[in-house]
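Here's the structure we're looking at; comments come further down.
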Amino acid sequence: MISLFAFGAILISLLLAGIYPKWMTCLEKGLLGFQVLFSMTVVVEIIEQTTLVSLLQVMLFIWSIVLACISMLALFRTNHS
């Protein structure tokens, strides 16, 4: 189950890397892909179990989304300043 979602996350990250503009470097594309992969695996774990550990995973998931948004905003600002 997790490997199926990981495969889907890799495909989504490759798609995002192709859609995003050319100014995005390979490192930033890789980090974005890692964020997507991490988020998908956390979602799978939350679906499979509802314990205290899953609450920590929800917090990590939210934090990864916040970090991704901050990094995208920083990229946008440096590109358009």
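Heads up: the sequence shown begins at 94 in my numbering, then just goes up one per residue. From the three backbone atoms N, C-alpha and C, an ideal C-beta is built for every residue, glycine too. This structure is a prediction, so every number in the text was calculated from the model and none was measured.
Alpha carbon of residue i to alpha carbon of residue j, nearest angstrom
{"i": "A167", "j": "W156", "result": "16 Å"}
{"i": "A161", "j": "M133", "result": "14 Å"}
{"i": "F154", "j": "F127", "result": "12 Å"}
Whether residue i touches residue j by CB criterion (9 Å)
{"i": "L130", "j": "S164", "result": "no"}
Cβ neighbour criterion (16 or more within 10 Å) applied to residue i
{"i": "F169", "result": "exposed"}
{"i": "M94", "result": "The predicted model places M94 with a pLDDT of 48, which falls under 50 and marks its position as unreliable; any figure quoted below should be read in that light. By the 10 Å Cβ count, M94 comes out exposed."}
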